[in-house]
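For what it's worth, numbering that gives the first Met the number 0 labels the leading residue of the sequence shown as 0, then goes sequentially. C-beta atoms are modelled at their ideal positions from N, C-alpha and C, and glycine is treated no differently.
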Amino acid sequence: MNPLLSRLQPYPFERLRHLFASVSPNPALRPISLGIGEPKHATPTFIMQALSNALGTGLAAYPATAGEPALRQACAAWVERRYGLTLDAATQVLPVNGSREALFALAQTVIDPTRAGATVVSPNPFYQIYEGAALLAGATVHFVPSDPSRNFAPDWDSVPVAVWAHTQLVFVCSPGNPTGAVMPLSEWEKLFALSDRHGFVIASDECYSEIYFRDEPPLGGLEAASRLGRPLDRLIAFTSLSKRSNVPGLRSGFVMGDASILRQFLLYRTYHGSAMSPVVQAASIAAWNDEAHVVDNRNLYRTKFAQVTPVLAEVLDVQLPDASFYLWAGVPEGWQADDAAFAKGLYAQEHVTVLPGSYLAREFNGINPGRGRVRMALVAETAECLEAAGRIARFVKQHPKKVRT
């Protein structure tokens with residue numbers, strides 16, 4: 000058995016199931032889950048139709064790992080419309096089976112575990128795939144402290160020079176999960192300078208980029224490089240249709256950036272057996288070529304967050320994020336030391352599921368930056384999210400301080 004598997008920690012949702020195992024939630028209330036970031040808005044009909052139309056011929060041959068040229072062209076065309084960048088569809092774009100699979104695979108491609116002190120730098124709080132990918136690639140993870148005064152943005156300045164000297168890969172999540180924070184150009188400039196100095200690869204996870212609440216769309220990593228007049232060296236960005244187009248079951252996205260890295264990434268994936276089904280490719284082409292459904296989807300989230308956030312802001316430390324579909328909320332002072340107990344008590348009394356913030360972070364230098372917060376995924380319809388918000392408000396008003404759970 001691979002000994003590196005012993006280094007993996009339980010996934011947050013497994014920890015949540017364990018937390019709730021002894022709880023009998025209020026039977027008078029229907030369950031509402033804000034725990035998992037799984038889009039619930041309706042999948043656009045035209046995407047389903049494209050999938051159906053491809054069934055006749057799309058299952059008759061093995062697909063190429065590189066994907067069909069038409070799909071890569073559709074992805075490159077979307078990048079040009081969205082970011083104003085012209086990419087070579089043949090060398091700088093590669094379809095993947097969702098960003099999660101690709102984030103894991105990239106780490107296996109770029110990390111050299113034979114180099115002393117192989118290190119991966121990750122934000123904290125973070126998406127747990129970053130940690131698992133690093134550990135199974137034979138690296139050590141350095142968690143970057145986050146700054147609560149800047150919506151938990153990573154404090155890159157806090158990373159010691161000795162750590163940067165051994166860093167091979169840095170994960171960036173912008174818009175962030177769970178915080179919804181978007182990394183500004185000044186932070187990108189700082190990270191690029193560090194990459195130039197130490198030679199590490201930057202993996203920019205941008206799967207929430209199309210759900211935003213400001214007038215200006217979130218800045219992407221490749222876009223930041225272009226604005227700074229620099230090449231795409233050592234930079235790979237990841238995006239997905241799951242959140243943008245409400246098709247999490249399609250498992251479709253693409254990566255873009257440094258052609259030399261993508262050439263090696265394609266080689267790895269050829270052996271890994273991760274070619275995308277032609278049926279999925281056909282549906283993906285339709286999705287990337289249409290923007291109207293994305294605008295409609297974004298407006299649904301904007302309306303929902305505008306209604307739900309004020310209800311929760313009356314009882315929790317929470318505000319509208321820059322982007323994504325999460326609220327990263329501070330629990331009342333009496334619960335600050337135990338966000339898991341807050342989630343457990345809320346589930347027992349109100350049958351509402353939220354994810355403890357401490358489950359999405361690691362203790363570093365004695366501090367878990369997620370402690371005292373909860374993540375709420377507002378993925379259901381507005382009425383259901385409003386009902387959940389009302390129940391949370393009722394629970395907090397009845398229990399401003401910690402109760403036995």
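Whose CA, out of the options, lies closest to the CA of residue i?
i	options	result
Pro-11	Phe-19, Ala-192 and Leu-4	Phe-19
Leu-265	Ala-101, Glu-79 and Gln-8	Ala-101
Arg-374	Ile-366, His-271, Gly-365 and Gln-318	Gln-318
Thr-269	Met-47, Asn-25 and Pro-94	Pro-94
Leu-218	Val-171, Thr-352, Phe-324 and Gly-198	Val-171
Ala-360	Ala-106, Pro-112, Leu-33 and Thr-178	Thr-178
Arg-250	Ile-210, Pro-62, Met-275 and Leu-377	Met-275
Tyr-358	Val-78, Gly-220 and Asn-176	Asn-176
Where residue i and residue j are concerned, what is the direct C-alpha to C-alpha distance, given to the nearest angstrom?
i	j	result
Ala-336	Asp-316	15 Å
Asn-123	Lys-400	27 Å
Asn-150	Ala-328	11 Å
Ile-391	Val-314	8 Å
Ala-382	Gly-389	11 Å
Val-143	Gly-356	16 Å
Ser-273	Ala-312	43 Å
Ser-13	Leu-354	Here residue 13 is Glu; the residue named in the question, Ser, does not match the sequence. Cα to Cα, the separation comes out at about 11 Å.
Phe-212	Pro-320	7 Å
Leu-190	Ala-152	13 Å
Ser-203	Phe-237	6 Å
Cys-310	Val-330	Reading the sequence as shown, one finds Val at residue 310 and not Cys. So the alpha carbons of these two residues sit roughly 14 Å apart.
Arg-80	Gln-263	27 Å
Pro-38	Arg-301	14 Å
Glu-380	Asp-338	26 Å
Thr-407	Gly-256	Residue 407 cannot be examined here, being either before or after the span of the chain that is shown, 0 to 404.
Val-119	Asn-25	43 Å
Asp-232	Ile-31	45 Å
Pro-428	Ser-208	No statement about residue 428 is possible, as the shown extent of the chain runs from 0 to 404 and does not include it.
Ala-457	Phe-394	In the structure as shown, the chain begins at 0 and stops at 404. Residue 457 is therefore absent and cannot be evaluated.
Leu-385	Ala-192	44 Å
Arg-370	His-141	19 Å
Arg-99	Gln-280	17 Å
Leu-326	Gln-48	33 Å
Glu-290	Ser-283	13 Å
Phe-198	Gln-72	Note on identity: in this sequence residue 198 is Gly, with Phe being the wrong assignment. Answer to the nearest angstrom: the Cα atoms are 30 Å apart.
Arg-16	Tyr-126	18 Å
Pro-9	Ala-223	35 Å
Met-182	Ala-27	43 Å
Asn-298	Ser-194	37 Å
Asp-154	Pro-230	24 Å
Which same chain residues end up closer than 8 Å to residue i when comparing Cβ atoms and leaving out the 5 residues on each side of it in sequence?
i	result
Thr-404	In this predicted model, Thr-404 has a pLDDT of only 49, less than 50, meaning its place in the structure is not dependable; the value taken from the coordinates is given anyway. Excluding residues within five positions, the ones whose Cβ falls inside 8 Å are Val-22, Ala-340, Lys-343, Gly-344 and Ala-347.
Pro-68	Ala-88 and Ala-89
Arg-29	His-350
Val-278	Leu-50, Ala-53, Leu-54, Gly-57 and Leu-58
Ala-115	His-165
Ser-157	Val-143 and Pro-144
Thr-42	Ser-244, Asn-245 and Val-246
Leu-3	Leu-134, Leu-135 and Gly-137
Taking buried to mean at least 16 other C-beta atoms within 10 Å of its own C-beta, is residue i buried or exposed?
i	result
Glu-215	exposed
Met-405	Here the chain covers residues 0 to 404 and nothing more, so residue 405 does not appear.
Leu-70	buried
Gln-397	exposed
Trp-372	Residue identity check: residue 372 is Arg in the sequence provided, not Trp. Buried: at least 16 other Cβ atoms inside 10 Å.
Asn-364	exposed
Thr-308	buried
Ser-121	buried
Thr-44	exposed
Glu-362	exposed
Pro-147	exposed
Arg-196	exposed
His-292	buried
Leu-234	buried
Leu-33	buried
Ser-5	exposed
Val-254	buried
Glu-366	Sequence check: residue 366 is Ile here, not Glu. Burial call: exposed.
Under 7 Å Cβ to Cβ from residue i, same chain only, skipping five residues before and after it: list those, please.
i	result
Ala-75	Leu-86, Ala-88 and Val-92
Leu-7	Gly-131 and Leu-134
Leu-271	First, the amino acid is wrong: residue 271 is His here, not Leu. Once the five neighbours on either side are set aside, the close Cβ partners of His-271 are Ala-104.
Spatial neighbours of residue i within its chain, please: CB distance less than 6 Å, with the 5 preceding and 5 following residues excluded, ordered by chain position.
i	result
Ala-258	Thr-90 and Gln-91
Val-109	Leu-168 and Val-200
Ala-286	Ile-46, Leu-240 and Ser-244
Pro-159	none
Tyr-129	Ser-121 and Phe-170
Pro-112	Gly-137
Ser-185	none
Original post:
What alpha helix (DSSP H) runs, 4 residues minimum, are completely inside the region 24-55?
Top reply: 44-52
Subject >> Segments of 3+ residues assigned as beta strand (DSSP E) that fall wholly inside the region 147-182 >> reply: 166-172
**OP:** Give, in chain order, every unbroken run of the beta strand (DSSP E) that is at least 3 residues long and sits entirely within the region 328-403.
**Re:** 372-376
**OP:** Note down, one range per segment and in chain order, each alpha helix (DSSP H) of at least 4 residues found wholly within the region 67-106.
**Re:** 68-82
Subject >> Inside the region 216-247 only - alpha helix (DSSP H) runs reaching at least 4 residues >> reply: 220-226 and 240-244
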